[in-house]
Amino acid sequence: MVTNISPGMLTDQYGIAGLMAMLHQANSNPNLFALTIGYDVTSLNMNLGTKERLYHTFPGPWNEKPLKPHEIDYPVPPEYLIFNSIRDKLAQIKLTSYCEDLLFFLFYCLAGEHLQAEVGAELYSREWRFHKDEGIWITRKQGSQPLEQSSNYERGSYIYFDTNTWSKNQKEMLIEYDRLDDPSNQ
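Numbered continuously in this note's numbering, the sequence shown closes out at residue 535.
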């Protein structure tokens with residue numbers, strides 16, 4: 350309890366008494382904690398040992414992931430900035446000619462971009478299906494048939510793309526059809 354202070358300090362929201370009142374409120378309301386105490390900089394996934402400026406790759410305190418490569422500003426010499434002059438001369442992107450590894454790279458690297466949807470449609474045309482719950486791409490193992498199949502699900506041997514190891518792995522799975530993303534419904 351604070352005593353021996355002038356009455357004006359108790360009503361002044363910017364004084365020590367105001368700060369103490371805010372700290373007491375922060376104890377009961379965790380949303381106010383960041384406003385009063387702030388954040389521990391070491392908990393923000395920043396490389397504090399680097400000599401480079403952090404703002405180039407740091408997306409902000411509430412973003413859990415670093416900036417994606419295409420979101421980072423890089424200093425580029427003016428002679429490399431030729432896109433506007435050659436834009437109409439470039440050949441159209443033909444996703445059908447790309448290997449699956451490149452398609453997966455584009456799909457995961459360009460999250461939220463228009464091209465991600467086009468890549469997803471190309472993977473779909475190659476018999477890959479996106480499992481909404483697992484967040485992975487799966488396809489039947491080549492030459493295999495489901496061990497069990499109904500109108501709602503099938504069980505069998507599948508190939509899935511693992512983003513952690515960046516590889517295609519085999520696994521026996523039970524696949525419920527309504528858990529697979531269908532681009533024709535969008």
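Glycine included, C-beta positions come from ideal geometry on N, C-alpha and C.
Model, not experiment: these values are computed from the prediction.
>> Going residue by residue through the stretch 430-501, where are the continuous alpha helix (DSSP H) segments of at least 4 residues, counting only ones entirely within it?
In response: 432-435, 449-458, 463-474
>> To the nearest angstrom, how far is the alpha carbon of Asp511 from that of Lys481?
In response: 14 Å
>> With a threshold of 6 Å on Cβ separation, who are the neighbours of Asp450 within its own chain once the five nearest residues in sequence on each side are excluded?
In response: none
>> Quick check on Gly469: buried or exposed, where buried means 16 or more other Cβ atoms within 10 Å of its Cβ?
In response: buried
> According to DSSP, is Tyr363 helix, strand or coil?
Replying inline: coil
>> Is the beta carbon of Tyr526 closer than 8 Å to that of Tyr502?
In response: yes
>> What does the Cβ neighbour count give for Phe432, buried or exposed, with the cut at 16 atoms within 10 Å?
In response: exposed
> Helix, strand or coil: how does DSSP classify Arg504 here?
Replying inline: strand
> So, helix, strand or coil for Asp389, using DSSP?
Replying inline: coil
>> I'd like to check one pair, Leu452 with Glu537: are the Cβ atoms closer than 8 Å?
In response: Look at the range of the chain in this structure, 350 to 535, and you will see that residue 537 is not part of it.
>> For Lys417 and Cys448, which I take to be in contact (beta-carbon distance under 8 Å), what is that distance rounded to the nearest angstrom?
In response: So it is not a contact: roughly 21 Å between Cβ atoms.
> Can you give the Cα-Cα distance for Met369 and Met522, rounded to whole angstroms?
Replying inline: 57 Å
> Do you know whose CA, among Thr514, Gly505, Ile487, lies nearest Asp530's CA?
Replying inline: Ile487
> To the nearest angstrom, how far is it from the Cα of Gly398 to the Cα of Thr391?
Replying inline: 11 Å
>> Distance check for Ile421 and Ile345, CA to CA, integer angstroms please.
In response: Residue 345 lies beyond the range of the chain shown here (350 to 535); nothing can be said about it.
> Helix, strand or coil: which one does DSSP assign to Met395?
Replying inline: coil
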